[in-house]
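Novice: This is the structure, below, for whatever I ask next.
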Amino acid sequence: MGCGQCQGYAAYGRNSEGVEKRMVKYFFDTYALVELIKRNPKFMPYGEYPLITTILNKIELYWWALNFNGEELGRIILNSISDVQEIPDEVIESAMRFRKEHRKKDFVYADAIGYAFARKHNLLFLTGNRQFRDLPGVEFVQ
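Next comes the structure, spelled out in structure tokens:
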């Protein structure tokens, strides 16, 4: 059960001029997904990268849409995020150890699992959540 899209953040691709370049790959946490939907200019450049996230982030995003924007946006989100990553047991174990080690930061399950998933697959964890500001492997944007 691997992540076909993940393959680390040292993948290569071609830019709009057809020139091969190194492409970073990101794990999108819910914070980043919300900011993309809100069209936050600081997050818009990340919209060109493959969307790698888990079902937990999809659920949190639907909850956000339902509470702040209504069911219509929620349904659009559910229909447009179709490729979510499975969460293997080893990621769950790693995430819960991470939560325990950082108990004072009070990480929620989805964030801890997303971060552990990103670390396992050598992805940068894209977020604006201050709890992650100084952790390795985090692309912190605010």
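Under this note's numbering, the first residue of the sequence shown carries the number 44, and numbering increases by one thereafter. C-beta: ideal position from N, C-alpha, C; glycine also. This one's a predicted model, so the numbers in the text were calculated from it and none came from an experiment.
Determine contact between the stretch 106 to 117 and the stretch 139 to 151, defined as no fewer than three beta-carbon pairs at a distance below 8 Å.
Specialist: no
Novice: Quick one, which of 73, 87 and 113 has its alpha-carbon nearest residue 102's?
Specialist: 73
Novice: Return the chain-ordered list of same chain residues with a C-beta closer than 6 Å to the C-beta of residue 171, the five sequence neighbours on each side being excluded.
Specialist: 74, 184 and 185
Novice: If I follow the unbroken beta strand (DSSP E) through residue 169, where does it start and stop?
Specialist: 167 to 170
Novice: Mind checking which residues open and close the beta strand (DSSP E) that includes residue 92?
Specialist: For residue 92, no beta strand (DSSP E) run applies, since DSSP gives it neither H nor E.
Novice: Beta strand (DSSP E) containing residue 182: first to last residue?
Specialist: 181 to 183
Novice: Going along the chain, which residues of its own chain have a beta-carbon closer than 6 Å to the beta-carbon of residue 155, five neighbours each way excluded?
Specialist: 138, 141 and 142
Novice: Which class does residue 70 belong to by DSSP, given the choice of helix, strand or coil?
Specialist: strand
Novice: Within the continuous alpha helix (DSSP H) that includes residue 117, where are the two ends?
Specialist: From DSSP, the alpha helix (DSSP H) with residue 117 extends over 114 to 123.
Novice: Buried or exposed for residue 111, going by 16 or more other Cβ atoms inside 10 Å?
Specialist: exposed
Novice: Is it buried or exposed for residue 122, if we count other Cβ within 10 angstroms and need 16 for buried?
Specialist: exposed
Novice: As a quick exercise: from 82, 91, 130 and 76, pick the residue whose alpha carbon is nearest that of residue 68.
Specialist: 91
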